[in-house]
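Below is one structure, written out as structure tokens; the observations come after it.
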Amino acid sequence: MADENGSDNHLLCPPADLQLVEACLLKKPDAWDILLRRFGRLIAQVVNRTASRRQITLSADDIDDLVAEVLAELINRDAAVLRMFAGRSTLATYLTVIARRVTVHRLMKSRAVPTGDGVVDQPDRQPTPDETTARKDEIEQLLAGLSAEDRAILTMHDHDGLSYGEISRATGIPVGSIGPRLSRARATIRAATEKPADDTTGDEGPADDTATG
313 MADENGSDNH
323 LLCPPADLQL
333 VEACLLKKPD
343 AWDILLRRFG
353 RLIAQVVNRT
363 ASRRQITLSA
373 DDIDDLVAEV
383 LAELINRDAA
393 VLRMFAGRST
403 LATYLTVIAR
413 RVTVHRLMKS
423 RAVPTGDGVV
433 DQPDRQPTPD
443 ETTARKDEIE
453 QLLAGLSAED
463 RAILTMHDHD
473 GLSYGEISRA
483 TGIPVGSIGP
493 RLSRARATIR
503 AATEKPADDT
513 TGDEGPADDT
523 ATG
């Protein structure tokens with residue numbers, strides 16, 4: 313989980329969060345209960361907001377069920393998902409991403425609706441593990457050009473729908489700085505997305521100049 317090279321990747325992750333993750337992975341007594349007490353409310357807010365953005369209203373029981381699913385996702389397979397946490401963002405940001413993903417998957421499954429002739433319309437095909445890994449790698453490559461703080465802000469706002477005030481409280485960044493940082497992060501990602509085409513053009517540029525010059 314931890315970066316053995318001691319890089320700057322952990323700057324946004326408080327030592328207490330890293331210690332809590334380590335305690336959960338080592339199955340220390342009460343570690344998971346502490347994680348739920350500290351982040352359960354955040355997970356519930358993300359679950360509810362993710363559903364609301366899709367015009368779906370969840371009951372309190374629905375939200376509790378989804379919070380439990382998020383925790384199960386973290387615990388299952390010897391806590392494989394939690395082991396992927398490398399400290400490159402705050403633990404709150406990482407759990408926000410996991411909570412949103414679990415909620416979206418549940419909502420997609422619930423879209424299977426019986427038709428008049430008894431045939432069930434199936435939800436969208438779920439990605440295979442290889443597809444999920446490839447998508448994760450692609451996203452991480454796009455985010456690699458951002459600072460840890462800008463990655464956190466972009467994820468919390470664009471992917472999880474948190475308000476400037478909520479982001480400020482989660483990260484400690486002043487509310488007035490959130491907007492400019494979002495704009496900068498988006499511009500950086502746009503540049504990274506367009507870079508392959510620019511690089512190809514650049515490689516061919518000198519030959520074109522010679523031919524016309």
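Just so we're aligned, residue 313 is where the sequence shown starts under this note's numbering, counting upward by one.
For each residue, glycine too, the CB sits at the ideal point set by N, CA and C.
Predicted, not measured: the structure shown is a model, and the values here were computed from it.
Classify residue i as helix, strand or coil using the three-state DSSP reduction.
i: M468; result: helix
i: Q367; result: coil
i: R412; result: helix
i: K421; result: helix
i: C325; result: coil
i: R400; result: coil
i: G525; result: In this predicted model, G525 has a pLDDT of only 40, less than 50, meaning its place in the structure is not dependable; the value taken from the coordinates is given anyway. Three-state DSSP puts G525 in coil, outside helix and strand.
i: I355; result: helix
i: L338; result: coil
Nearest CA to the CA of residue i: which residue from the options?
i: A482; options: V358, A380, A499 and A384; result: V358
i: A527; options: A460, L383, L474 and S489; result: Because the chain here runs from 313 to 525, residue 527 falls outside it and cannot be looked at.
i: A503; options: G484, L458, E478 and I485; result: L458
i: I355; options: A404, W344, D373 and S364; result: A404
i: C336; options: D374, N360 and I387; result: I387
i: D377; options: R493, R418, L494 and E334; result: R418
i: L338; options: R365, I368 and A391; result: A391
i: I346; options: L474, N360 and D329; result: D329
i: M420; options: A372, S401 and I368; result: I368
i: L332; options: S371, A372, V416 and L394; result: L394
Look at the Cβ atom of residue i, then the Cβ atom of residue j, and state whether they are nearer than 9 angstroms.
i: I550; j: I501; result: One cannot answer for residue 550 here, as it falls past the ends of the chain, which runs 313 to 525.
i: R361; j: G473; result: yes
i: R496; j: D470; result: no
Would you say the region 339-357 touches the region 397-417, given that touching needs at least three Cβ pairs under 8 angstroms? yes
May I ask you to verify whether the region 375-384 touches the region 477-496, counting CB pairs closer than 8 angstroms and requiring at least 3? no
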